[in-house]
Amino acid sequence: RRALSLPPLREGRPERRRGSAEERAAVPPSAQAASGSTPSAPSRPPRAPRASAVSGQAAAAAAAAAAAAATGSFAAELAEWKRRRGLPNETKIFSITGAFPGIRRALVARGWIENEDRSSSLWDFKYALWQRDIGELGELDDSQVVNYFARNSELTSKVGLCNSLYSCCTFDRVDVDGFYPRCYDLTSSTQVESFVEDFKVTKCLCIIRRFVTDGGRTAEGSAGTGFPRAVVAAALEVCRRRSRDVDDTLDEVPEPLAGEADWRIVEAWSLKTPGKQLKSKGRRGQRAPKASSSPQPEAPPTPREEDAAGRAEASDGSEDEGPADGNDAKAPSSRLAARCEADEALFVAAQEVLKALSLCLPQFNLDGFQNIWVLKPAGKSRGRGIQLSASLDKIMEVGVGRGAEARWIAQKYIEHPLIVSGKKFDIRQWVVVTRWNPLAVWFYKDCYLRFSFQDYDPHRIKNKYGHLTNFSISKHAEDFDEHRDETMWHSDEFQEHLAGLGIERDGCSIEDPWLEVVQPQMKRIVLRTLESAQDAVMPRTSSFELFGYDFMVGEDLSVWLLEINSSPDLSYSTATTRTLVKAMLEDMMQVLIDVEKFGTRLERPKRKWGSCRLSSGRYELLEPARRRREEKFRKIRKDAAQLAAQGTSLKLRRPRRGECPQGPSAEDDPRYSALALLSTLGETEGEGPGATGAPGDSADDLDDEGEEEEEEEEEAEIEASREVTGVAVDDEQDPGKEDGASASEKIGERSVGD
1 RRALSLPPLR EGRPERRRGS AEERAAVPPS AQAASGSTPS APSRPPRAPR ASAVSGQAAA
61 AAAAAAAAAA TGSFAAELAE WKRRRGLPNE TKIFSITGAF PGIRRALVAR GWIENEDRSS
121 SLWDFKYALW QRDIGELGEL DDSQVVNYFA RNSELTSKVG LCNSLYSCCT FDRVDVDGFY
181 PRCYDLTSST QVESFVEDFK VTKCLCIIRR FVTDGGRTAE GSAGTGFPRA VVAAALEVCR
241 RRSRDVDDTL DEVPEPLAGE ADWRIVEAWS LKTPGKQLKS KGRRGQRAPK ASSSPQPEAP
301 PTPREEDAAG RAEASDGSED EGPADGNDAK APSSRLAARC EADEALFVAA QEVLKALSLC
361 LPQFNLDGFQ NIWVLKPAGK SRGRGIQLSA SLDKIMEVGV GRGAEARWIA QKYIEHPLIV
421 SGKKFDIRQW VVVTRWNPLA VWFYKDCYLR FSFQDYDPHR IKNKYGHLTN FSISKHAEDF
481 DEHRDETMWH SDEFQEHLAG LGIERDGCSI EDPWLEVVQP QMKRIVLRTL ESAQDAVMPR
541 TSSFELFGYD FMVGEDLSVW LLEINSSPDL SYSTATTRTL VKAMLEDMMQ VLIDVEKFGT
601 RLERPKRKWG SCRLSSGRYE LLEPARRRRE EKFRKIRKDA AQLAAQGTSL KLRRPRRGEC
661 PQGPSAEDDP RYSALALLST LGETEGEGPG ATGAPGDSAD DLDDEGEEEE EEEEEAEIEA
721 SREVTGVAVD DEQDPGKEDG ASASEKIGER SVGD
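Heads up: the sequence shown at position 588 corresponds to 588 in full-length UniProt numbering, and the numbers run straight through without jumps.
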C-alpha cells in the first residue's frame, strides 16, 4: 500500500476482497456494516419494504437477507442476490464452468437456479472443469459444494500416484505389486538406481524366457540361431541371484543383482533377434564385446551371424526400431535337433530358475520377451508425450537429468495384454468419492472400453496407433471418422465377449468372467488406491470428486491399474459414450443430491448403508458395512496422526492409623469381607502343591534371590494388614509360611492381601 500511495488500513479492519460489481451491488447496507466493508458508516437495521410495493414472498426474502447479514457475508450476499431476483430464500443456486449439459439438466429438474456469471461466488453448488475455476478451497464457505478436493494430485498425477502407492507398504490390505506395474520417478536418484537394476534384471529374465521357449538351444548348438552360450549363462546367474530369498542373503556382503561383468556380456545382444549384436550408445565406433563359451572352441561364423553383424553396424544400437526377425518368440522351435550336453544343462537350470521366479515375483506374467518400458511425462494428460522404449540409453537420455520441470516416470509395459479382435484396449471406470474419513466410494457398474485404432504388434513399438488407446491420439489417424464408433465398447459387450471365450480356472468353467473375475479386481484396486492417499488428500465436508480410473486386462484376466484421472472426459465422442455419459451423470446427481444430500445439509446423512434402499441408479457403495460401522462408533483410524487423552485429578484421602482403607462394603458383597477373604485364602493354599511341603512344579516358579526378598517384604505387608483387621492367624495355620510354598501361591497371597 505504501508503494501504491494508498492510505494505511485502519487497525483491526482487514482489507476485504471486493468481488465482482454484481456481488458488491447485491450487498445491502446492513450486510456491509456487518462484514466491515464500510467502516465509516454506522451499523443500522435494513429499511423495511412497503407492503404495497412488495409481495409477501419478497418480504420474507428481505427478512431472510437481514437475518443472514448478522451471521456472515456470504449468506447475506447470497440472500440479497436471491431477493433482488424475486427468488425464495430456500432456492438453491448452482454454477457450471465447462460443457456439462447432463449436470445442468439434473439440477434444473430438481428446482435449482443457475447463476450464469462465471466470476461470481454466489452459489450453493459449483461443478468446474478445472480446479482453478473454483479458486482456493479454503476461502469458500463451508456450505458451498464443489467437485474437487485439495491435494488430490497425490492420486491424479503420475508421480503422485507412484509415490503414494509405494509409500503405503505398511498397510496390510495394500499389495501394490499385485495391481500396479512397476513404476519409477526418474527425478529421484534413488529410484533411478532401482530402475536401472530392474531394467538389467528384466532383460536377463527375457533372455532366459526366450532361451527356454526356443527349446533351450544356444548359438553354438543350433547353427547361430540363438543367444551365445556365455550370454545365457550370465543371464542365468543374474536370475538365480534374483530368485534367492532375502533371508538367505542376510549374512552375505551386499552385491548388485546384475554385476558389471555380467551386464557387459548381456547388454550387447538384441532381444528381438537372438544372435544379433547391438552397439551401445557410449561406444559408437566400437563393436560390442563378443560373447563366447570358454570351455568349447568358437564355432565358425554362419551366414546368419555375418548378416546380423552387418545389420548391427548399420543400426543405431536401439531395440526400438524395426520388426523382429524370424518367427514369433512364443512359438518353440520343436523341429530342431536334440540339445547338446552343454545346452541341456543350461536348459534344466533355466527351467528351475523360471519356476522359482514365478513364485517370488508378483509381476512375473507381466514381463514378456522384449523388456519394453513406458516413458510418461508427469505433467501431461490424454496420452501426450508417451514413449515406448526397450533401450536403457534412450530412457536415461529422455527421462533423467532434466530437472523437476521436465519430470518423467518409467513404468513397465504390459507385454501380454488381452487382445480383442487383434486390438489392444483399456477400460475407463468412473468412481465418485464423497467422504474420506470414513471413506465413502461410489463405483459405477457400467464402464467402457477404448481400443487402439490399429492392430497390436509388440514388435512395432513406435506405432502409437497400435499401442495407445487414448481417443485424443486415435482421432488423428487416417480414416478415423469412418471407424469412430468401433473404437469403443460398452462393458456389456465386453461381458458377452468374455462369456463366449469359455474361460476355465482350476478345471472349472467360469460362467461370467466379467462379474466373477474382472470387476471384483477393479473394485479392490479402487479401494486400495484411495486408502493409500487417505491421509494425503485434504478432506472437506462439502466436497466430492469424480475420478476416471484406467485399467488394463492381461491374458490371464489379471487387472492392472494404469493411472487415475481427475475431471475425466465426459464428451459424447462416440455412440457408446453418448449414451453412457448421460446415464452416468444423472445417476451421479442422484447420489450427490438425493442420497448424500449435498447442498441441502452440511453433514452427510447417517444411514444403514448396505441394508437400506437407495435411489443411486447404477452407482454402488463399496464396503457399506465399513462406512456404517465407522459412522456409528466414530472410530479414529488406526494410523490417525493425532490422539488426545484427557482426564481430571482425583483427591485421595490418606487413611488414618489403624483405619482400614476404604473399599467395597461387605454388606453389599460378602466376598469382600476380610474374614471371607482369609478363609478362602486358607482353603486355596491348603489344596495347593505347597501344602504337602513338596516343591511346586508350576511354570511360574521363581528362583531369583531378588524376587524372594520382594516376596518376603510382601508377606510382611500382608501380616500387617491382617493385624489391622483384628484377625489373628497362627503360623501353623498359615500355609504361606511353609518352606514348600511355591512362588505362584505367594503371588496369590499378594493379590488377595492387596
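Quick reminder that beta carbons are idealized off the backbone N, C-alpha and C, glycines included.
If you ignore the 5 residues before and after Leu346, its C-beta comes within less than 8 Å of the C-beta of Phe211, Gly216, Thr218, Arg229, Val232, Ala233 and Leu236, all in its own chain and listed in chain order. Annotation for Ser474: the continuous alpha helix (DSSP H) segment containing it runs Phe471 to Ser474. For Cys183, the enclosing beta strand (DSSP E) has its first and last residue at Cys183 to Asp185. With a 10 Å radius around the Cβ and a threshold of 16 neighbouring Cβ atoms, Lys608 comes out exposed.
Sorting Gln277, Val420 and Thr273 by C-alpha distance to the C-alpha of Ile265 places Gln277 at the top. DSSP, reduced to helix, strand and coil, places Lys200 within a helical segment of the structure shown. Linking Ala533 to Gly138 through their CA atoms gives a straight-line distance of about 20 Å. DSSP, read as helix, strand or coil, puts Trp430 in strand. Taking a cut-off of 8 Å on C-beta distances, the segment 479-486 touches the segment 574-582, as three or more cross pairs fall below it. Annotated as distal: Thr156 and Leu129, with beta-carbon spacing of 7 Å or more.
In terms of Cα proximity to Lys376, the closest of Gly368, Trp269, His416 and Gln411 is Gln411. Secondary structure of Gly160 (DSSP, three-state): helix.
Between Gly102 and Leu585, the C-beta spacing is below 7 Å.
For Val174, no beta strand (DSSP E) encloses it, and the DSSP letter there is neither H nor E. Under the 8 Å Cβ criterion, the segment 534-551 does not count as touching the segment 494-507, having fewer than three qualifying pairs. The C-beta distance from Gln387 to Lys272 rounds to 18 Å, too long to fall under 8 Å, and the pair is not in contact. Lys582 has its alpha-carbon roughly 40 Å from the corresponding atom of Phe364.
Going by DSSP, Gly399 is part of the alpha helix (DSSP H) stretching over Leu392 to Gly399. Within a 10 Å sphere around the beta-carbon of Pro438 sit 16 or more other beta-carbons, which makes this residue buried.
Less than 7 Å separates the beta-carbon of Val145 from that of Phe598. DSSP places His459 outside any alpha helix (DSSP H), giving it a letter other than H or E.
Taking the Cα of Asp446 as reference, the smallest distance to any Cα among Asp457, Lys423 and Met522 is reached at Met522. The DSSP-derived three-state label of Ala268 is coil. The beta strand (DSSP E) runs lying completely inside the segment 531-563 and spanning 3 residues or more are 545-553, given in chain order.
One alpha carbon belongs to Gly554, the other to Pro417, and they sit about 4 Å apart. Going by DSSP, Leu78 is part of the alpha helix (DSSP H) stretching over Ser73 to Arg84.
In summary, Asp492 is exposed, with fewer than 16 beta-carbon neighbours lying within 10 Å of its beta-carbon over all protein chains present. Short of 8 Å from the beta carbon of Tyr619, and not among the five residues preceding or following it, lie these beta carbons of its own chain, in chain order: Val432, Trp442, Phe443, Tyr444, Lys445, Asp587, Met588, Gln590 and Val591. Bounds of the beta strand (DSSP E) holding His490 are Met488 to His490. Counting of Cβ neighbours within 10 angstroms places Asp245 among the exposed residues, the total staying below 16. The beta carbon of Trp436 is closer than 7 Å to those of Gln534, Val537 and Pro539 in its chain, skipping five residues each way along the sequence. By the Cβ-count criterion, His467 is buried, with 16 or more other Cβ atoms from all chains shown falling within 10 Å of its own Cβ. For Glu620, the three-state secondary structure derived from DSSP is strand.
Non-local beta-carbon contacts of Leu614 in its own chain, meaning distances under 6 Å to residues more than five positions away in sequence, involve Val595 in chain order. About 6 Å separates the beta carbon of Lys423 from that of Tyr456, a gap short enough to meet the 8 Å contact definition. Burial state of Cys206 is buried, judged by a 10 Å Cβ sphere holding 16 or more other Cβ atoms.
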